[in-house]
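Asks: My structure is below; once you've seen it, I'll send some questions.
Protein chains: 2
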Amino acid sequence: MPRTIKLVLAYDGAAYVGWQRQSRGPSIQGLIEDALSRIEGDRVSLDGAGRTDAGVHAFGQVASARVTTAHDVVALKRALNAMLPADIRVVNLEDVADSFHARYSATGKTYDYWIWQGDVLPPLLRGSCWQIARVLDVEAMDAAARCLEGRHDFGSFQSARHDTKTSVRTIWSARVAAGAPLMARGTSPFAPPAGDAAGEAGGHGHPVVVRMEGDGFLRHMVRAVVGTLVEVGDHRRTADSIRGLLERPDRGEAGPTAPPRGLVLVGVHYGPSVAPDAGSR
Amino acid sequence: MPRTIKLVLAYDGAAYVGWQRQSRGPSIQGLIEDALSRIEGDRVSLDGAGRTDAGVHAFGQVASARVTTAHDVVALKRALNAMLPADIRVVNLEDVADSFHARYSATGKTYDYWIWQGDVLPPLLRGSCWQIARVLDVEAMDAAARCLEGRHDFGSFQSARHDTKTSVRTIWSARVAAGAPLMARGTSPFAPPAGDAAGEAGGHGHPVVVRMEGDGFLRHMVRAVVGTLVEVGDHRRTADSIRGLLERPDRGEAGPTAPPRGLVLVGVHYGPSVAPDAGSR
Numbered sequence: 058m059p060r061t062i063k064l065v066l067a068y069d070g071a072a073y074v075g076w077q078r079q080s081r082g083p084s085i086q087g088l089i090e091d092a093l094s095r096i097e098g099d100r101v102s103l104d105g106a107g108r109t110d111a112g113v114h115a116f117g118q119v120a121s122a123r124v125t126t127a128h129d130v131v132a133l134k135r136a137l138n139a140m141l142p143a144d145i146r147v148v149n150l151e152d153v154a155d156s157f158h159a160r161y162s163a164t165g166k167t168y169d170y171w172i173w174q175g176d177v178l179p180p181l182l183r184g185s186c187w188q189i190a191r192v193l194d195v196e197a198m199d200a201a202a203r204c205l206e207g208r209h210d211f212g213s214f215q216s217a218r219h220d221t222k223t224s225v226r227t228i229w230s231a232r233v234a235a236g237a238p239l240m241a242r243g244t245s246p247f248a249p250p251a252g253d254a255a256g257e258a259g260g261h262g263h264p265v266v267v268r269m270e271g272d273g274f275l276r277h278m279v280r281a282v283v284g285t286l287v288e289v290g291d292h293r294r295t296a297d298s299i300r301g302l303l304e305r306p307d308r309g310e311a312g313p314t315a316p317p318r319g320l321v322l323v324g325v326h327y328g329p330s331v332a333p334d335a336g337s338r
Numbered sequence: 058m059p060r061t062i063k064l065v066l067a068y069d070g071a072a073y074v075g076w077q078r079q080s081r082g083p084s085i086q087g088l089i090e091d092a093l094s095r096i097e098g099d100r101v102s103l104d105g106a107g108r109t110d111a112g113v114h115a116f117g118q119v120a121s122a123r124v125t126t127a128h129d130v131v132a133l134k135r136a137l138n139a140m141l142p143a144d145i146r147v148v149n150l151e152d153v154a155d156s157f158h159a160r161y162s163a164t165g166k167t168y169d170y171w172i173w174q175g176d177v178l179p180p181l182l183r184g185s186c187w188q189i190a191r192v193l194d195v196e197a198m199d200a201a202a203r204c205l206e207g208r209h210d211f212g213s214f215q216s217a218r219h220d221t222k223t224s225v226r227t228i229w230s231a232r233v234a235a236g237a238p239l240m241a242r243g244t245s246p247f248a249p250p251a252g253d254a255a256g257e258a259g260g261h262g263h264p265v266v267v268r269m270e271g272d273g274f275l276r277h278m279v280r281a282v283v284g285t286l287v288e289v290g291d292h293r294r295t296a297d298s299i300r301g302l303l304e305r306p307d308r309g310e311a312g313p314t315a316p317p318r319g320l321v322l323v324g325v326h327y328g329p330s331v332a333p334d335a336g337s338r
């Protein structure tokens, strides 16, 4: 019986040419399609919600595929994880309605971009942060990010290489905050060590997190936004200048594209329910 | 002129036999000593505040050395980072009084231990979390951890291979908390994505962080504590049973030693400012 499956995927993008299958090297889509095709005994094609670029990571990329295999979802997930390399994992796998399509059913996405502000990047974070030695004005960056919220033409933040008809998107939320030093303080729920140890424990750097949520993102959009926000953080442009970029879209006026390794596709949003409708099968 | 330098070091311990120089493979101490010796033109020996085990990470390990090189601290830090592999970084380097000794001057340390609770470990965290698929009772783990606070004989949590005279230590703070999904939510200062995306964004797992601060730690102590706390989280022992382990030290009665990759030496404390308030304990 043909069925539709939905996969939630997490990966470290460092070793890949990106999500999309390409001739120039290993892709995440390619490796998962190959594994799924071996199980299926026939060519399976996988639709991804977002085409993450080379070096970009995911915690919750979503993909869908039509398969006929009789394996249940638990066996299928286990088999895929056994075949895939350690830097790509199937976090969840479920049967969904045949109408579900990872890309077309998606109603939005959440991205995080991590910056390590400090002159030395802690090795444990070397694969997931853009390191900036300068002191950033995070408040100004946050004010600038908030200007992006709403329905706008984001043409100023779109890669020249794109294939979309419109560059209008709705950003639900765009915020920037300086985290306490990661591990040292950020992800730990406890207060920083007092006194001198605060210095040892991470006073030599801390993360700055940019989080964007919206109904869609143009090619390189988050990274172009981050490159522009960093110029605001450097006081090389004002927070208000973002409004001009939205009113008169011009990629040349915005900042550079931030490197891919700081970007994480956190999750993909869908409507109220994607569970298979019992009646429809 | 002979001088004493203090180095703050961050490293990914995965590739090393541990901090301490050993014949069986590359050590962090060994690599830094070798680099420093080449700059010095003579053998330099490095004293580390803590001897982290194979696979254990650091954000703020501290080491000290006596050198005669005329390079200033900025040049010295740059030269060392140019010579060291990417998974070992000198985060800070400063001149200190000759009386300073990274180990003997230390008044305490802060350690974090990260557990990923979920059946699939996100690849971006694969080097820094102990993955546990079972649902842990984090509240019980925290209650158990708090029993460790104060001055106790921690012999139940000490490796059989040790060379300390006494197993009495003072733990200033021992706490456990479930973080929101890391990256997905934990380190980001913002609310989780609403609705279904909360599931995609990390509902398939989340970190549990154990943080311990104290005046000293026995060999494998944090990892033995974590292995024991996980038994509490599994309801295989009660939170109160920790008191018995402190009253009647017996390594055989405590839980197993948790794997090294979840452990991070967050920072080393110096000076009086971080000592616990004598009056309050």
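Going line by line, the protein sequences match chains D and Y. So for the first sequence, my numbering puts the first residue at 58; every next one is plus one. So for the second sequence, my numbering puts the first residue at 58; every next one is plus one. All residues carry an ideal CB built from backbone N, CA and C; glycine is no exception.
1. So which residues of chain D does Y/I145 contact, with C-beta pairs closer than 8 Å?
2. Based on Cα-Cα distance, which residue from D/V325, D/L320, D/G328 lies nearest to D/R171?
3. In this structure, does DSSP put D/Q86 in helix, strand or coil?
4. For D/C204, which residues from the same chain have a beta carbon less than 6 Å from its beta carbon, with the 5 sequence-adjacent residues on both sides left out?
5. Determine the direct distance from the alpha carbon of D/M269 to that of D/G207, and round the result to whole angstroms.
6. With DSSP run on the structure shown, which of helix, strand or coil describes Y/P264?
7. Cα-Cα, which of Y/D155, Y/F274, Y/R78 is closest to Y/V225?
8. Straight-line CA distance for D/A201 to D/G165?
9. Are the beta-carbon atoms of Y/T126 and Y/G70 separated by less than 8 Å?
10. Does any CB atom of chain Y fall closer than 8 Å to the CB of D/A68?
11. Taking all protein chains shown into account, decide if D/A122 is buried (16 or more other Cβ within 10 angstroms of its Cβ) or exposed.
12. Throw me the rounded Cβ distance for the D/V266 and D/G290 pair, which I believe falls under 8 Å.
13. Per DSSP, which one or two residues make a beta bridge with Y/I172?
14. Quick test of the definition: if touching needs 3 or more C-beta pairs under 8 Å, does the stretch 212 to 226 of chain Y touch the stretch 278 to 285 of chain Y?
15. Looking only at its chain, what residues have a beta carbon closer than 8 Å to the beta carbon of Y/S230, apart from the 5 residues adjacent to it on each side?
16. Got a sec? Which residues, its chain only, sit under 7 Å from D/F157 by beta carbon, not counting five neighbours each side?
17. Considering just the uninterrupted stretch of the alpha helix (DSSP H) at D/L302, what are its terminal residues?
18. Classify Y/S337 as buried or exposed, calling it buried when 16 or more other Cβ atoms lie within 10 Å of its own Cβ.
19. Quick test of the definition: if touching needs 3 or more C-beta pairs under 8 Å, does the stretch 300 to 310 of chain D touch the stretch 187 to 200 of chain D?
20. Any beta carbon from chain D within less than 8 Å of Y/V130's own beta carbon?
21. Spatial neighbours of D/E288 within its chain, please: C-beta separation below 6 Å, excluding the five flanking residues on both sides.
22. Apart from the five residues just before and just after D/E257, which ones in its own chain have a Cβ nearer than 7 Å to its Cβ?
23. Assuming D/V195 contacts D/A234 (C-beta within less than 8 Å), just tell me the rounded distance between them.
24. By the criterion of Cβ-Cβ separation under 7 Å, what are the contact partners of Y/H261 in chain D?
25. Report the residue from Y/A106, Y/L150, Y/L133 whose alpha carbon sits nearest the alpha carbon of Y/Q77.
26. At a Cβ cut of 7 Å, what residues of the stretch 88 to 116 of chain D count as close to chain Y, listed as they run along the chain?
27. Use the C-beta contact count for D/T221: other C-beta atoms within 10 angstroms, 16 or more gives buried, fewer gives exposed.
28. Cutting at 7 Å between CB atoms, please list the residues of its own chain near D/A251, excluding the five before and the five after it.
29. So D/V147 packs on D/N138, CB below 8 Å; how close in whole Å?
30. Determine whether the Cβ of D/R191 lies closer than 8 Å to any Cβ atom of chain Y.
31. Hey, how far is the Cα of Y/G328 from the Cα of D/V119?
32. Excluding the 5 residues flanking D/P179 on each side, which residues of the same chain have their C-beta closer than 6 Å to its C-beta?
33. Any idea if D/P317 is buried or exposed, counting beta-carbon neighbours within 10 angstroms, 16 or more meaning buried?
34. Please confirm whether D/S185 has its beta-carbon closer than 8 Å to some beta-carbon of chain Y.
35. Starting from Y/E270, follow its DSSP beta bridges and name the residues at the other end.
36. Alpha carbon to alpha carbon, what distance is there between D/A190 and Y/I347?
Replies: To lay it out plainly:
1. Here the question's residue 145 of chain Y lines up with position 88 in the second sequence. Within chain D, the residues near Y/I145 are P180.
2. In the first sequence, counting from the first residue as 1, residue 171 of chain D sits at position 114. Sequence inspection shows Trp at residue 171 of chain D; the Arg mentioned does not correspond to that position. Closest by alpha carbon: D/L320.
3. Start at 1 with the first residue of the first sequence, and residue 86 of chain D comes out as number 29. Three-state DSSP puts D/Q86 in a helix.
4. Numbered from 1 along the first sequence, position 147 holds the residue referred to as residue 204 of chain D. Result list for D/C204: I299, R300, in chain order.
5. Along the first sequence, read from residue 1 onward, the residue named residue 207 of chain D stands at position 150. Along the first sequence, read from residue 1 onward, the residue named residue 269 of chain D stands at position 212. Going by the C-alpha atoms only, they are around 12 Å apart.
6. Taking the second sequence and counting its residues from 1, one reaches residue 264 of chain Y at position 207. Here Y/P264 sits in strand by DSSP.
7. Numbered from its first residue, the second sequence carries residue 225 of chain Y at position 168. It is Y/F274.
8. What you label residue 201 of chain D is simply residue 144 of the first sequence in a count that begins at 1. What you label residue 165 of chain D is simply residue 108 of the first sequence in a count that begins at 1. Near 22 Å, if we compare the C-alpha coordinates of D/G165 and D/A201.
9. Against the second sequence, residue 126 of chain Y aligns to sequence position 69. Against the second sequence, residue 70 of chain Y aligns to sequence position 13. No. Outside cutoff.
10. Along the first sequence, one-based indexing puts residue 68 of chain D at 11. At residue 68 of chain D the sequence reads Tyr, which differs from the Ala that was named. Judged by the 8 Å Cβ criterion, D/Y68 is in contact with chain Y.
11. On the first sequence, residue 122 of chain D is found 65 positions in, with the first residue counted as 1. The residue in question, D/A122, is buried, as its Cβ has 16 or more Cβ neighbours within 10 Å.
12. The sequence position of residue 266 of chain D within the first sequence is 209, counting from 1. The sequence position of residue 290 of chain D within the first sequence is 233, counting from 1. The pair is not a contact, with the Cβ atoms about 13 Å apart (cut-off 8 Å).
13. In the second sequence, residue 172 of chain Y corresponds to position 115, counting from 1. According to DSSP, Y/I172 bridges with Y/W187, Y/V265.
14. yes
15. By 1-based counting over the second sequence, the position of residue 230 of chain Y is 173. Cβ within range, chain order: E206, R268, M269, E270, G271.
16. Your numbering for residue 157 of chain D matches position 100 in the first sequence. Its chain contains T61, K63, S121, V331 as the residues whose beta carbon lies nearer than 7 Å to that of D/F157, once the 5 sequence neighbours on both sides are disregarded; these appear in chain order.
17. As a first step, residue 302 of chain D is located in the first sequence; it is residue number 245 there, counting from the start. That run of the alpha helix (DSSP H) goes 298 to 304.
18. Counting from 1 along the second sequence, the entry for residue 337 of chain Y is found at position 280. Low local confidence applies: a pLDDT of 36 at Y/S337 is under 50, so the model's placement there is unreliable, with the coordinate-based value given in what follows. Result: exposed.
19. no
20. To locate residue 130 of chain Y, count along the second sequence from 1; it is residue 73. Chain D, which has no Cβ nearer than 8 Å to the Cβ of Y/V130, makes this no.
21. Your numbering for residue 288 of chain D matches position 231 in the first sequence. For D/E288, where only same-chain residues beyond five positions count, the Cβ hits under 6 Å are R294, G312.
22. Mapped onto the first sequence, residue 257 of chain D falls at position 200. Unreliable positioning characterises D/E257 in this predicted model, as indicated by a pLDDT of 41, which lies under 50. A coordinate reading is not provided.
23. The residue labelled residue 195 of chain D in the question sits at position 138 within the first sequence. The residue labelled residue 234 of chain D in the question sits at position 177 within the first sequence. The Cβ separation is near 7 Å, so the contact holds.
24. In the second sequence, counting from the first residue as 1, residue 261 of chain Y sits at position 204. By Cβ distance, chain D contributes V65, V148, N149.
25. In the second sequence, residue 77 of chain Y corresponds to position 20, counting from 1. The candidate whose alpha carbon is nearest that of Y/Q77 is Y/A106.
26. H114, F116
27. Against the first sequence, residue 221 of chain D aligns to sequence position 164. Result: exposed.
28. Start at 1 with the first residue of the first sequence, and residue 251 of chain D comes out as number 194. For D/A251, the pLDDT reaches just 41, beneath the cut-off of 50, and the residue's location in the model is therefore unreliable, leaving the point undetermined.
29. On the first sequence, position 90 is the one that residue 147 of chain D refers to. On the first sequence, position 81 is the one that residue 138 of chain D refers to. Indeed, because the Cβ distance is near 5 Å, the residues count as touching under 8 Å.
30. Against the first sequence, residue 191 of chain D aligns to sequence position 134. Cβ-Cβ to chain Y under 8 Å: no for D/R191.
31. The sequence position of residue 328 of chain Y within the second sequence is 271, counting from 1. The sequence position of residue 119 of chain D within the first sequence is 62, counting from 1. So the alpha carbons of these two residues sit roughly 50 Å apart.
32. Position 122 of the first sequence holds residue 179 of chain D. No residues qualify anywhere along the chain.
33. As a first step, residue 317 of chain D is located in the first sequence; it is residue number 260 there, counting from the start. Burial call: buried.
34. Walking along the first sequence from the start, residue 185 of chain D turns up at place 128. Yes, its Cβ sits closer than 8 Å to a Cβ of chain Y.
35. Stepping through the second sequence from its first residue, residue 270 of chain Y is reached at position 213. DSSP, once it has assigned bridges, lists Y/T167, Y/S230 as partnering Y/E270.
36. Examination of residue 347 of chain Y is not possible in this model, given that chain Y is present from 58 through 338 alone.
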